[in-house]
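Asks: The structure under discussion is supplied below as structure tokens; questions concerning it will follow.
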Amino acid sequence: MRIAVTGSIATDHLMTFPGRIADQLLADRLDHVSLSFLVDTLDIRDGGVAANIAYGLARLGHRPLLVGAAGADFAPYGQRLSALGVDISAVHISRTRHTARFLCTTDPDGNQIASFYPGAMTEAAGIDVAAAVRRGGGADLVVIGADDPEAMLRHTRGCRTEGMRFAADPAQQLARLDNAQIRELVEGADHLFTNQYERALLLTKTGWTTEEVLGRVRVWVTTFGAKGSRVERADEPALSITAVPTIEAADPTGVGDAFRAGYLAALATGDDAARCAQTGSALAAHALTCVGTQTYTTNPAHLSALTNAAYGSANLSGGETS
Ligand SMILES: Nc1ncnc2c1ncn2[C@@H]1O[C@H](COP(=O)(O)OP(=O)(O)OP(=O)(O)O)[C@@H](O)[C@H]1O
Ligand SMILES: [Mg+2]
1 MRIAVTGSIA TDHLMTFPGR IADQLLADRL DHVSLSFLVD TLDIRDGGVA
51 ANIAYGLARL GHRPLLVGAA GADFAPYGQR LSALGVDISA VHISRTRHTA
101 RFLCTTDPDG NQIASFYPGA MTEAAGIDVA AAVRRGGGAD LVVIGADDPE
151 AMLRHTRGCR TEGMRFAADP AQQLARLDNA QIRELVEGAD HLFTNQYERA
201 LLLTKTGWTT EEVLGRVRVW VTTFGAKGSR VERADEPALS ITAVPTIEAA
251 DPTGVGDAFR AGYLAALATG DDAARCAQTG SALAAHALTC VGTQTYTTNP
301 AHLSALTNAA YGSANLSGGE TS
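End of the sequence shown = 322 in full-length UniProt numbering, gap-free, step of one.
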């Protein structure tokens with residue numbers, strides 16, 4: 001089973017300011033703010049949800065097709081992904097805009113000043129996903145991850161029109177999508193992925209009950225952080241999968257994307273839903289111990305050993321029903 005992953009491609013520029021950001025904001029000078037922080041460290045990390053998920057799939061021996069928009073500065077990033085086994089032939093390269101960039105300065109109290117420049121991502125709506133998938137050799141499932149909202153809608157419509165199976169993973173874009181848009185992204189999805197917060201937001205914004213969502217998607221996977229995950233299908237008992245306890249959590253960023261990569265890799269191998277969620281949980285816990293979203297290493301045997309150690313071997317799996 002081949003997977004195409006659409007969504008954001010970005011780089012994160014993370015800086016640490018040794019003083020206190022709050023001390024720099026003078027209460028009587030807020031009408032004219034001109035601040036420059038002399039920062040101690042700069043950490044540049046490759047990210048973006050589509051690239052993160054594709055990274056994990058490639059590490060697990062798959063050859064995912066990455067579909068998204070980036071700038072000319074994407075070249076070294078793309079080469080690295082390509083060397084790992086990600087097919088980057090469907091990445092649109094903007095002539096004028098840089099790859100999306102997240103710039104964030106954090107102080108020791110955890111206060112942050114951040115900016116997100118979408119850049120080339122605003123051109124993702126120009127991508128014809130069906131044509132991109134055809135050129136890329138076809139796909140059995142298209143993941144529609146957080147991206148330019150117009151692109152997410154266009155890709156979903158494209159999948160529906162072409163009869164291609166798709167997984168809706170709207171994530172942080174749920175906050176800016178309206179009711180009708182969210183309904184359109186979810187309707188007819190093979191899989192729907194949300195975290196706990198996104199689940200509540202989706203239900204509130206659409207006004208749908210859980211059953212009404214389950215009537216529109218084949219499988220709904222919700223992650224609950226350290227509390228694990230849940231797999232739901234209409235007319236079947238929900239499966240609750242415990243998280244794998246992690247000893248040292250180095251960095252929570254991208255843990256949801258690692259979960260999806262593990263889940264989808266298992267799905268592509270033909271595993272049942274419980275095993276998919278267990279595999280996703282094992283990869284997420286492993287990714288938590290590494291700083292950055294594309295820094296963990298793994299391979300099929302390694303992840304299988306981690307999953308077996310946490311949950312027992314595949315033929316004993318089944319998850320708890322709840
Ligand atoms: N502290 C933790 N210990 C062990 N496993 C964890 C922990 N946090 C998350 N996980 C695993 O990762 C999965 C996804 O976590 P979570 O629900 O926090 O995703 P998320 O909110 O989408 O994260 P993000 O968007 O920041 O990447 C969980 O279902 C669980 O399996
Ligand atoms: Mg997430």
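Idealized CB from N, CA, C, for every residue including glycine.
Which residue spans inside the segment 146–183 form an unbroken alpha helix (DSSP H) run of at least 4?
Replies: 149–162
Asks: For Thr-246, collect the residues of the same chain with a Cβ closer than 7 Å to its Cβ; drop the 5 residues on either side in sequence, then sort them by chain order.
Replies: Ala-285, Leu-288, Thr-289
Asks: Hey, out of Val-231, Ala-4, Asp-107, Arg-218, whose CA is closest to Ala-130's CA?
Replies: Ala-4
Asks: What separation, rounded to the nearest whole angstrom, lies between the Cα atoms of Ala-238 and Arg-275?
Replies: 14 Å
Asks: Would you kindly check if the distance between the Cβ of Arg-218 and the Cβ of Asp-190 is under 8 Å?
Replies: Asp-190 is a Cβ neighbour of Arg-218, given a cutoff of 8 Å.
Asks: Report the residue from Thr-298, Asp-43, Gly-292 whose alpha carbon sits nearest the alpha carbon of Leu-103.
Replies: Asp-43
Asks: Give every residue of the same chain whose Cβ lies closer than 6 Å to the Cβ of Met-15, excluding the five residues on either side of it in the sequence, and list them in chain order.
Replies: Val-39, Leu-42, Thr-105
Asks: Taking only runs of the beta strand (DSSP E) that begin and end inside the segment 200–244, which ones reach a length of at least 3 residues, in chain order?
Replies: 219–223, 229–233, 236–241
Asks: Should Gly-47 be labelled buried (16 or more other beta-carbon atoms within 10 Å of its own) or exposed?
Replies: With 16 or more other Cβ atoms within 10 Å, it is buried.
Asks: Given that a residue counts as buried once 16 or more other Cβ atoms are within 10 Å of its Cβ, and exposed if not, what is Thr-307?
Replies: Buried: at least 16 other Cβ atoms inside 10 Å.
Asks: Taking just the CA atoms, how far does Gln-112 sit from Arg-157?
Replies: 37 Å
Asks: Kindly indicate which three-state DSSP category Ser-82 falls into: helix, strand or coil?
Replies: helix
Asks: Between Ala-171 and ligand 2, is there a pair consisting of the residue's CB and a ligand heavy atom that are separated by less than 7 Å?
Replies: Checking the Cβ of Ala-171 against ligand 2 gives yes.
Asks: Three-state secondary structure (DSSP) at Leu-303?
Replies: helix
Asks: Counting Cβ pairs, one atom from each stretch, are 3 or more of them under 8 Å apart for the segment 51–68 and the segment 77–93?
Replies: yes
Asks: In the structure shown, what three-state DSSP assignment does Thr-11 receive?
Replies: In the three-state scheme derived from DSSP, where H, G and I count as helix and E and B as strand, Thr-11 is classed as strand.
Asks: Could you tell me whether the Cβ atoms of Glu-198 and Leu-174 are closer together than 8 Å?
Replies: yes
Asks: For Ser-115, list the residues DSSP reports as bridge partners.
Replies: Leu-103
Asks: Which of the three DSSP states, helix, strand or coil, is assigned to Arg-135?
Replies: helix
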